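Student: Pasting a structure here, questions to come.
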Amino acid sequence: MITKVSRREFLAGAAVAGATLTLGCHFEADAGRLIAADAPTLAPNAFLTIQSDGRILITVNKTEMGQGVRTALPMLVAEELDADWSQVAAETASFDPSKYGFQRTGGSGSIRGAWEPLRRTGATARAMLVEAAARRWNVPAAECRTSNSFVIHPTEAAKKLGYGELVADAAALPVPDAKAVKLKEPKDFKLIGQRVARYDNPAIVTGRAVYGLDVRLPGMRFATLLHPPAFGGKAKQVDDGAAKAVPGVEKVLLTDRGVAVVATNTWAAFEGAKKLRVTWDDGPNAALSSAAIRAMFAEKAKAPGDAARQDGDFEAAFAKAAKTLEAEYEAPFLHHATLEPQNCTARVTAERCEIWAPTQFPNFVMDEARRITGLDAGRIKIHVTLLGGGFGRRIEADYAADAIEVAKRLDGAPVQVTWTREEDMRQGWYRPASLHIVKGGLSPDGQPVALLHRLVAPSILGQRQSDGGKGVDRGAMSGIATMPYSVPNFRAEYVRANTGVPIGFWRAVFDSQNAFVQESFLDELAHAAKADPVAFRLRLLDKSPRLKNALEIAANAADWGKPLPKGRARGVAAHASFGAFCAQVAEVSVEDDALRVHRIVCAMDVGTVINPSQVEAQIEGSIAFALSAALYGAMTIEKGRVVQSNFNDYPLLRVSEMPKVDIHLVKGAEAPSGAGEPALPPTAPAVCNALFALTGKRIRRLPIELDA
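Heads up: the sequence shown is residues 1 to 708, going by my numbering.
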């Protein structure tokens with residue numbers, strides 16, 4: 001049972017108890033190297049503080065948004081420290097890159113980036129504690145061992161000292177070279193690989209957990225904004241008389257990003273916003289529509305794109321193939337639909353700015369705070385709260401900019417800005433839409449000899465550049481340029497097709513749609529070759545043994561090839577992303593003209609599993625997220641604005657629709673990969689391939705429409 005202790009309580013206890021041993025874990029985000037704590041150009045990842053009463057505080061520099069980093073990252077430290085887990089407390093770091101380094105959370109990278117540095121933090125502290133005990137006993141350090149927050153010397157009397165008793169002595173020792181400390185062998189792990197309850201569970205179930213919406217400060221005001229409904233629009237005229245008449249409404253402010261209503265409570269602000277009469281200038285995107293975007297994609301798709309990968313000679317092999325297939329696939333814009341709407345709390349004075357933000361990238365919040373307030377970073381404090389859903393949406397800082405700008409106009413009073421669900425839905429940074437041209441050629445014996453995948457899509461990074469960017473967007477080609485199947489003549493192309501729709505990072509981003517196309521079209525090739533879809537894939541995966549193994553495990557666990565009850569069918573898909581390898585088999589039926597997903601068998605290889613319970617939760621969440629998108633997800637554009645407004649026209653998967661999920665974690669000793677996103681990409685194609693096996697209808701456009 002992990003103990004929840006606030007930093008204030010922890011440090012208060014430290015003051016009473018006496019000395020502490022504090023060890024900083026500092027590393028370069030890319031290289032993952034532990035370096036000197038006082039290096040001016042590098043920043044810490046986390047801090048380990050051991051108190052003289054034996055309590056241990058681990059500061060986490062990643063945002064907790066349900067993925068469990070406030071449990072998994074401390075587990076890495078505690079494992080190498082040989083700590084008593086019941087004495088461990090965790091906290092989220094405030095934004096301070098000079099102390100905590102790379103604080104961005106996304107891309108399923110938290111565990112991958114911290115795997116070695118945090119273990120070395122624990123191992124370094126353990127070495128110091130052992131040395132302190134050895135000196136006190138006047139024995140060689142090599143003769144000592146550690147267990148459960150004790151240093152032990154195996155004499156007849158079994159000398160034993162708790163970590164807390166050794167803190168003062170250890171703190172006086174020089175810090176050893178972290179690169180030289182010995183890490184445990186996987187066979188010696190006691191904590192890593194165990195099912196550990198989430199650190200935040202007690203606070204969440206009792207309502208003590210602090211999300212962005214839970215922040216309360218003395219004298220706080222509450223606000224909401226109306227933003228221009230069309231992308232790139234602005235307010236021309238505001239009639240705020242009716243809004244100001246709403247009880248509780250105090251001010252109506254015209255801001256850089258829209259019109260803000262400030263009130264004594266959130267609901268008064270919402271009611272006031274409903275009564276605003278705003279005349280909008282819809283700007284340059286007033287005529288933008290989904291139909292126009294699709295037509296633009298189709299026109300651009302006619303010409304070859306920039307090559308992201310080229311093996312062999314696709315054109316020559318395709319021309320000579322015994323059988324050829326061609327198809328077009330489409331994926332729509334998608335919204336993140338976080339259940340906690342966008343919100344942020346800020347307090348701004350002439351000298352200081354303090355922010356409480358549910359953010360994945362606090363550095364972006366800092367950028368907005370500096371821009372709006374004119375203050376330097378040293379006078380801006382950012383507290384990172386828990387997130388009620390992130391999925392990439394809270395990488396952006398637009399909601400924080402709203403709060404900072406309104407706070408700047410309130411003479412030092414704090415304000416919490418909360419968007420309505422409708423504003424949240426229509427002011428997003430959407431997953432890009434895309435069009436895919438795929439072509440394949442088979443040999444006389446049914447082997448794929450030629451494959452083309454041309455992606456036509458906007459560039460997330462390119463839309464932030466004045467010229468829209470040039471060349472191949474490697475992020476957009478994720479899962480295509482890295483296609484794992486052995487096809488001798490393969491060409492991957494990218495056609496840049498930016499639009500006026502704001503786009504951003506969404507769970508599994510382009511892998512989420514590229515896998516749908518790749519795995520669906522591979523299924524088309526398998527059926528054209530009259531081959532079993534699993535066997536067809538396995539023959540092509542000799543160069544990706546981990547994905548091949550995951551596919552074999554999933555197929556066997558799903559009883560692939562064995563008969564199902566009448567009216568049901570199975571489909572398969574496999575994909576590698578974020579360093580992980582995932583295969584899924586979906587079992588579906590069509591009942592009352594509606595698709596029903598009964599079961600998904602998922603085998604995933606993430607290398608070393610830190611906490612199986614967390615990985616399983618991430619897999620289940622990814623599958624639910626993927627099914628919501630596959631069955632319902634589509635943001636449509638008319639007159640330069642989003643049509644959808646709430647969950648009535650952008651529904652999420654219901655509990656009653658969630659299939660049974662059978663999870664098989666592949667055992668491996670490799671360094672851990674990401675786990676928050678890799679299970680999402682195979683879900684849609686596995687379901688669509690099962691639907692084809694059942695009905696003969698091939699789904700090439702999402703969301704799934706049975707009667708299209």
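From the three backbone atoms N, C-alpha and C, an ideal C-beta is built for every residue, glycine too.
Source: prediction; values computed, not measured.
Using a Cβ-Cβ cut-off of 6 Å (strictly less than) and excluding sequence neighbours within five positions of serine 104, which residues of its own chain qualify?
Tutor: Checking the displayed sequence, the identity of residue 104 turns out to be arginine instead of serine. Phe361.
Student: Nearest to tyrosine 199 by alpha carbon, out of Ala316, Val88 and Ala273?
Tutor: Cα-wise, what sits closest to tyrosine 199 is Val88.
Student: With a threshold of 8 Å, are at least 3 pairs of Cβ atoms found where one atom belongs to the stretch 516-527 and the other to the stretch 494-506?
Tutor: Verdict: no, contact absent.
Student: Give the straight-line distance between the Cα atoms of alanine 197 and threonine 71, rounded to the nearest whole angstrom.
Tutor: Alanine 197 and threonine 71: Cα-Cα distance of roughly 8 Å.
Student: Do you know whose CA, among Ala400, Asn343 and Gly388, lies nearest arginine 371's CA?
Tutor: It is Ala400 whose Cα lies nearest to the Cα of arginine 371.
Student: I'd like to check one pair, methionine 604 with valine 666: are the Cβ atoms closer than 8 Å?
Tutor: For valine 666 and methionine 604, yes; Cβs fall inside 8 Å.
Student: From the DSSP output, read off the bridge partner residues of threonine 92.
Tutor: Threonine 92 pairs with Val60.
Student: So is asparagine 648 buried or exposed if we call it buried at 16+ other beta carbons inside 10 Å?
Tutor: Asparagine 648 is exposed by the Cβ-count criterion.
Student: Just curious, the alpha helix (DSSP H) that threonine 121 is in, first and last residue?
Tutor: First-last of the alpha helix (DSSP H) with threonine 121: 110-137.
Student: Does DSSP put histidine 336 in a helix, in a strand, or in coil?
Tutor: DSSP places histidine 336 in coil when its eight states are reduced to three.
Student: What residues are listed by DSSP as bridge partners for phenylalanine 150?
Tutor: According to DSSP, which records beta bridges pairwise, phenylalanine 150 is partnered with Ser147 and Gly162.
Student: Whose C-beta lies closer than 8 Å to the C-beta of proline 154 among residues of the same chain, with five residues either side of it excluded?
Tutor: Hits under 8 Å: Glu143 and Arg145.
Student: I need the straight-line Cα distance from proline 681 to lysine 179, nearest angstrom please.
Tutor: Cα-Cα distance, rounded: 37 Å.
Student: Which of the three DSSP states is assigned to serine 98 in this structure?
Tutor: Note: serine 98 maps to helix in three-state DSSP.
Student: If we require 4 or more residues per run, which alpha helix (DSSP H) segments fall completely within the stretch 609-672?
Tutor: For the stretch 609-672, whole alpha helix (DSSP H) runs of length 4 or above, ordered along the chain, are 612-632.
Student: To test your reading of the DSSP string, which unbroken alpha helix (DSSP H) runs of 4 or more residues are found completely within the stretch 172-239?
Tutor: Qualifying alpha helix (DSSP H) stretches, in chain order: 201-206.
Student: Quick check on DSSP: helix, strand or coil for glutamate 705?
Tutor: Here glutamate 705 sits in coil by DSSP.
Student: According to DSSP, is alanine 690 helix, strand or coil?
Tutor: Of the three classes helix, strand and coil, the one that applies to alanine 690 here is helix, per DSSP.
Student: With distances taken Cα to Cα, identify the nearest neighbour of alanine 528 among Glu326, Ile623 and Arg379.
Tutor: Looking at the Cα atoms, Glu326 is the closest of the given residues.
Student: Under 8 Å, do arginine 394 and glycine 428 count as touching if we go by C-beta distance?
Tutor: Their beta carbons are not under 8 Å apart, which means arginine 394 does not touch glycine 428 by this criterion.
Student: Where does alanine 307 sit, in a helix, a strand or coil, going by DSSP?
Tutor: Of the three classes helix, strand and coil, the one that applies to alanine 307 here is strand, per DSSP.
Student: Please look up how many angstroms separate the CB atoms of alanine 245 and valine 252, rounded, as I've assumed it's under 8 Å.
Tutor: Not quite, the Cβ-Cβ distance comes to about 11 Å (not below 8 Å), so this is no contact.
Student: Exposed or buried, which one is glycine 272 when buried takes at least 16 other CB atoms within 10 Å?
Tutor: So glycine 272 counts as buried.
Student: Taking C-alpha atoms, which residue in Leu452, Val60, Leu706 and Thr338 lies nearest to leucine 652?
Tutor: Nearest C-alpha to leucine 652: Thr338.
Student: Tell me the residue span of the alpha helix (DSSP H) that contains glutamine 513.
Tutor: Where glutamine 513 is concerned, the enclosing alpha helix (DSSP H) stretches over 511-528.
Student: In chain order, which beta strand (DSSP E) runs of at least 3 residues are fully inside the stretch 343-429?
Tutor: Those beta strand (DSSP E) runs which fall completely within the stretch 343-429 and span 3+ residues are 343-348, 353-357, 380-384 and 415-418.
Student: For the beta strand (DSSP E) containing leucine 452, name the first residue and the last one.
Tutor: Looking at the DSSP string, the run of the beta strand (DSSP E) that includes leucine 452 is 448-457.
Student: Could you work out which residue in Lys639, Cys602 and Gln463 is closest to alanine 555 when comparing CA atoms only?
Tutor: Alanine 555 has its Cα closest to that of Cys602, out of Lys639, Cys602 and Gln463.
Student: Can you list, in chain order, the residues of its chain whose CB lies under 6 Å from that of alanine 675, leaving out five sequence neighbours each side?
Tutor: Closer than 6 Å at the Cβ level, and outside the excluded window around alanine 675, lie Val606, Val615 and Gln618.
Student: Looking only at its own chain, which residues have a Cβ that is under 7 Å from the Cβ of arginine 421, when we skip the five neighbours before and after it?
Tutor: So the qualifying residues of the chain are Pro341 and Asn646.
Student: Determine, using beta carbons only, whether valine 534 and valine 438 come nearer to each other than 8 Å.
Tutor: Not closer than 8 Å, so no.
Student: Which first and last residues belong to the alpha helix (DSSP H) in which lysine 548 is found?
Tutor: Unbroken alpha helix (DSSP H) run through lysine 548: 545-557.
Student: Buried or exposed for glycine 68, going by 16 or more other Cβ atoms inside 10 Å?
Tutor: Label assigned to glycine 68: buried.
Student: Tell me the residue span of the alpha helix (DSSP H) that contains alanine 301.
Tutor: Alanine 301 -> alpha helix (DSSP H) spans 290-301.
Student: Measuring alpha carbon to alpha carbon, tell me which residue in Thr482, Asn498 and Arg537 is nearest asparagine 514.
Tutor: Among Thr482, Asn498 and Arg537, the Cα nearest to that of asparagine 514 is on Thr482.
Student: Looking only at its chain, what residues have a beta carbon closer than 6 Å to the beta carbon of lysine 234, apart from the 5 residues adjacent to it on each side?
Tutor: Around lysine 234: Pro228 and Asp281.
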